[in-house]
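Asks: The structure follows.
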Amino acid sequence: MRIFTLALSLGLTAGTPALAAESCKAQATGKKLAGAAMTSFMTKCERDAGAACDLQAGERKLAGAAKTSFTKKCVSDAVGS
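Counting in UniProt numbering, the sequence shown runs without a single skipped number right up to 81 at its last residue.
This is the structure in structure tokens:
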């Protein structure tokens, strides 16, 4: 429980580089993507965000539930869903 609380507080207080950039959803809208092109773009963007968030979690030395919680929030913020 302590680790989860720590992860939640880190996720809420720490700014991530993904937040500095435009979300995937906003980028897709700006590019006026639709249909298969939008699906492909969103899939790639989500995959890239996941890799970047995993790297950030590693830099913060998070593990277990803390890493999972951080990564989930980070990807969600980056994708914009």
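Where a beta carbon is used, it is the ideal one built from N, C-alpha and C, also for glycine.
Ser23 and Val75: beta carbons closer than 8 Å?
Replies: no
Asks: Can you give the Cα-Cα distance for Ala57 and Lys67, rounded to whole angstroms?
Replies: 6 Å
Asks: What first and last residue would you give for the alpha helix (DSSP H) that runs through Glu22?
Replies: Taken as a continuous stretch (DSSP letters only), Glu22 belongs to no alpha helix (DSSP H), as it is neither H nor E.
Asks: Phe41 and Ala26 look like a contact to me (Cβ under 8 Å); what is the Cβ gap, rounded to whole Å?
Replies: Not confirmed; about 12 Å, so no contact.
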